[in-house]
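Novice:
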Ligand code: HPA
Ligand code: ZN
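Numbering (the working numbering), first residue to last: -8 to 326.
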């Protein structure tokens, strides 16, 4: 806490928050990027940390993804993934995050010759360490890249069999335009048959129809982003009736120009429509802030009260992949 912090910021910091939409590769800060480049003999196309940060001026999702995939090129070993996640957990703890669901992109590492063991074992070790060091609980979401062949996703999922018991959900991310979710029905069905639920990015840059498709063909239990649902009144009614959680990422949406400014963000409209909204940071190293920054920015933009933030934080805890005991304990702290 800084001395200049407002009472509201301090209160938001202390609120035990649950982060459901976080790409762990998107938590890679330029300082660690340089340290890992050095460790692994990777040449970066930048001279300095400042030059990396200066490049984070995105036009849209694809322009961000180019830098995101380039940045993760420094991640090679289990230790790299461990260090990446521990650096994130330390910041999450400062932000008052109590529970984190880490998405990661195994295919983006496999194509670089990094075996599945490295992200799986590195991240799992970090999750255990975060629990004992900081009391932060976590879950692991194995995501598939929607702009690659669905057959490859299925093959990678089968190759990950040694870790199926520690995969809390499968996910779907990467470039959304022209990559509808239905193509991945097989791998999501296979995961479901093993008792592994699905989540999917939909309605970030893609149309509202992709959200409906994710619900109907992938049977997802949560939608990542989902902000474009407002373009389809019937879909809004379905999302409201089923209370499907939307993992909304306010600062991400501004950075990737999904919305021109935060004040124009559809978040208030989503809440007024009775939808199940949660707040998340997506790729905090690239989008200008972690969970607390997202909460504070929403307070500044929308004037939300403590009750509003408690409501959305409860939504996240209710929608989280966590042990029931842990859920009850967190909900008690939010009451
Ligand atoms: N959207 C889609 N795919 C992603 C993102 C995102 O914001 N971040 C990392 N992969
Ligand atoms: Zn995302």
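Backbone N, C-alpha and C fix where the C-beta goes; we use that ideal spot for every residue, glycine too.
#1: Can you tell me whether residue 269 is buried or exposed, with buried defined as 16 or more other CB within 10 angstroms of its CB?
#2: Is the distance from the Cβ of residue 296 to the Cβ of residue 9 below 8 Å?
#3: Whose CB is closer than 6 Å to a heavy atom of ligand 2? List the residues in chain order.
#4: For residue 0, which option in 294, 322, 177 and 195 has the closest C-alpha, if you only look at C-alpha atoms?
#5: If you follow the beta strand (DSSP E) that residue 92 is part of, which residue opens it and which one closes it?
#6: Is residue 37 near ligand 1, in the sense that its beta carbon is under 7 Å from a heavy atom of that ligand?
#7: Going by alpha carbons, who is nearest to residue 52 out of 247, 301 and 112?
#8: Below 8 Å, how does it come out for the segment 67 to 78 and the segment 109 to 119: are there three or more Cβ pairs, yes or no?
#9: Using only alpha-carbon positions, find the residue among 278, 87, 65 and 48 that is nearest to residue 6.
#10: Starting from residue 202, trace the beta strand (DSSP E) in both directions and tell me its first and last residue.
#11: Kindly list the residues whose CB is nearer than 8 Å to the CB of residue 139, restricted to its own chain and excluding five residues on each side of it in sequence; keep chain order.
#12: Quick one: residues in its chain with C-beta nearer than 8 Å to the C-beta of residue 60, no 5 flanking neighbours on either side, listed in chain order?
#13: Tell me whether residue 187 sits in a helix, a strand or coil according to DSSP, three-state version.
#14: Looking at residue 187: is its Cβ nearer than 8 Å to the Cβ of residue 162?
#15: So, is residue 89 buried or exposed, given that buried needs 16 or more other C-beta atoms within 10 angstroms?
#16: Give a yes or no on whether the C-beta atoms belonging to residue 19 and residue 77 are separated by under 8 Å.
#17: Would you call the CB atoms of residue 58 and residue 46 closer than 8 Å?
#18: With a threshold of 16 other CB atoms inside 10 Å of the CB of residue 254, please say whether the residue is buried or exposed.
#19: Could you give the C-beta distance for residue 219 and residue 194, rounded to a whole number, given that I count them as a contact under 8 Å?
#20: By Cβ distance, which residues of its chain are closer than 7 Å to residue 324, with the 5 residues on each side in sequence left out?
#21: For residue 266 and residue 2, I'd like the C-alpha separation in whole angstroms.
#22: Which residue or residues does DSSP assign as beta-bridge partners of residue 135?
#23: So what does residue 270 bridge to, in DSSP terms?
#24: Grouping DSSP H, G and I as helix and E and B as strand, with all else coil, what is residue 213?
#25: Considering only residues of the same chain and omitting the five flanking positions on each side of residue 150, which have a CB-CB separation below 7 Å?
#26: Nearest-angstrom Cα distance between residue 238 and residue 34?
#27: Within the present structure, is the beta-carbon of residue 59 separated from the nearest heavy atom of ligand 1 by less than 7 Å?
#28: Please confirm whether any heavy atom of ligand 1 lies closer than 7 Å to the CB of residue 331.
#29: Kindly list the residues whose CB is nearer than 7 Å to the CB of residue 306, restricted to its own chain and excluding five residues on each side of it in sequence; keep chain order.
#30: For residue 40 versus residue 25, is the C-beta distance shorter than 8 Å?
#31: Which partner residues of residue 193 appear in the DSSP bridge assignment?
#32: Classify residue 8 as helix, strand or coil using the three-state DSSP reduction.
#33: Hey, could you find the ends of the alpha helix (DSSP H) residue 291 is sitting in?
#34: Is the separation between the beta-carbon of residue 15 and that of residue 73 shorter than 8 Å?
#35: Pull up the distance between the alpha-carbon of residue 252 and that of residue 114, whole angstroms please.
Specialist: Considering the structure as presented:
#1: As a first step, residue 269 must be located in the chain shown, where it is residue number 278. By the 10 Å Cβ count, residue 269 comes out buried.
#2: Against the chain shown, residue 296 aligns to sequence position 305. Against the chain shown, residue 9 aligns to sequence position 18. No, the pair does not count as a contact, with Cβ atoms beyond the cut-off.
#3: That gives 12, 14, 164, 192, 215 and 273.
#4: Stepping through the chain shown from its first residue, residue 0 is reached at position 9. Ranking 294, 322, 177 and 195 by CA distance to the CA of residue 0 puts 294 first.
#5: Locating residue 92 in the chain shown gives position 101, where the first residue counts as 1. 88 to 95 is the extent of the beta strand (DSSP E) around residue 92.
#6: If you number the chain shown from 1, residue 37 lands on position 46. No.
#7: Numbered from its first residue, the chain shown carries residue 52 at position 61. It is 247.
#8: The segment 67 to 78 is in contact with the segment 109 to 119.
#9: Against the chain shown, residue 6 aligns to sequence position 15. Residue 6 has its Cα closest to that of 87, out of 278, 87, 65 and 48.
#10: As a first step, residue 202 is located in the chain shown; it is residue number 211 there, counting from the start. Not the beta strand (DSSP E): residue 202 falls in the alpha helix (DSSP H), residues 199 to 208.
#11: The sequence position of residue 139 within the chain shown is 148, counting from 1. A distance below 8 Å between beta-carbons, with the five flanking residues on each side excluded, links residue 139 to the following residues of its chain, in chain order: 98 and 165.
#12: For the purposes of this step, residue 60 is taken as residue 69 along the chain shown, with counting starting at 1. So the qualifying residues of the chain are 99.
#13: Within the chain shown, residue 187 is the residue found at index 196, counting from 1. In the structure shown, residue 187 sits in coil (DSSP, three-state: anything other than H, G, I, E or B).
#14: For the purposes of this step, residue 187 is taken as residue 196 along the chain shown, with counting starting at 1. For the purposes of this step, residue 162 is taken as residue 171 along the chain shown, with counting starting at 1. It is not a contact, given that the beta carbons lie outside the stated cut-off.
#15: Locating residue 89 in the chain shown gives position 98, where the first residue counts as 1. By the Cβ-count criterion, residue 89 is buried, with 16 or more other Cβ atoms from all chains shown falling within 10 Å of its own Cβ.
#16: One-based indexing of the chain shown puts residue 19 at position 28. One-based indexing of the chain shown puts residue 77 at position 86. No, the pair does not count as a contact, with Cβ atoms beyond the cut-off.
#17: Residue numbering aside, residue 58 sits at position 67 when the chain shown is read from its first letter. Residue numbering aside, residue 46 sits at position 55 when the chain shown is read from its first letter. Taking 8 Å as the Cβ cut-off, residue 58 and residue 46 qualify as a contacting pair.
#18: Start at 1 with the first residue of the chain shown, and residue 254 comes out as number 263. Within a 10 Å sphere around the beta-carbon of residue 254 sit fewer than 16 other beta-carbons, which makes this residue exposed.
#19: Numbered from 1 along the chain shown, position 228 holds the residue referred to as residue 219. Numbered from 1 along the chain shown, position 203 holds the residue referred to as residue 194. Taking the Cβ atoms as the reference, residue 219 lies roughly 4 Å from residue 194, within the contact range of under 8 Å.
#20: On the chain shown, residue 324 is found 333 positions in, with the first residue counted as 1. Excluding sequence neighbours, residue 324 sits near 7.
#21: Sequence index remark: in the chain shown, residue 266 carries index 275 (1-based). Sequence index remark: in the chain shown, residue 2 carries index 11 (1-based). Computed Cα separation, rounded: 25 Å.
#22: On the chain shown, position 144 is the one that residue 135 refers to. Its beta-bridge partners are 163.
#23: Taking the first residue of the chain shown as position 1, residue 270 is located at position 279. The partner list for residue 270 (beta bridge, DSSP) reads 239.
#24: As a working mapping, residue 213 is identified with position 222 in the chain shown. Collapsing the DSSP output to three states places residue 213 in a strand.
#25: Counting from one through the chain shown, the residue named residue 150 turns up at place 159. 107.
#26: Numbered from 1 along the chain shown, position 247 holds the residue referred to as residue 238. Numbered from 1 along the chain shown, position 43 holds the residue referred to as residue 34. Residue 238 and residue 34: Cα-Cα distance of roughly 35 Å.
#27: In the chain shown, residue 59 corresponds to position 68, counting from 1. Residue 59 Cβ: within cutoff of ligand 1.
#28: Not covered by the structure: residue 331. The range shown for the chain is -8 to 326.
#29: The residue you call residue 306 lines up with position 315 of the chain shown. For residue 306, same chain residues with a beta-carbon under 7 Å away, outside a window of 5 residues either side, are 236, 267, 268 and 269 in chain order.
#30: As a working mapping, residue 40 is identified with position 49 in the chain shown. As a working mapping, residue 25 is identified with position 34 in the chain shown. At a Cβ-Cβ threshold of 8 Å, residue 40 and residue 25 count as neighbours.
#31: For the purposes of this step, residue 193 is identified with residue 202 of the chain shown, where counting begins at 1. Residue 193 pairs with 216.
#32: Position 17 of the chain shown, counting from 1, holds the residue named residue 8. Reduced to three states, the DSSP call for residue 8 is strand.
#33: For the purposes of this step, residue 291 is taken as residue 300 along the chain shown, with counting starting at 1. Per DSSP, residue 291 belongs to the alpha helix (DSSP H) from 282 to 293.
#34: Translated into the one-based positions of the chain shown, residue 15 becomes position 24. Translated into the one-based positions of the chain shown, residue 73 becomes position 82. In this structure, residue 73 does not lie closer than 8 Å to residue 15 by Cβ.
#35: What you label residue 252 is simply residue 261 of the chain shown in a count that begins at 1. What you label residue 114 is simply residue 123 of the chain shown in a count that begins at 1. Approximately 34 Å between the Cα atoms of the pair.
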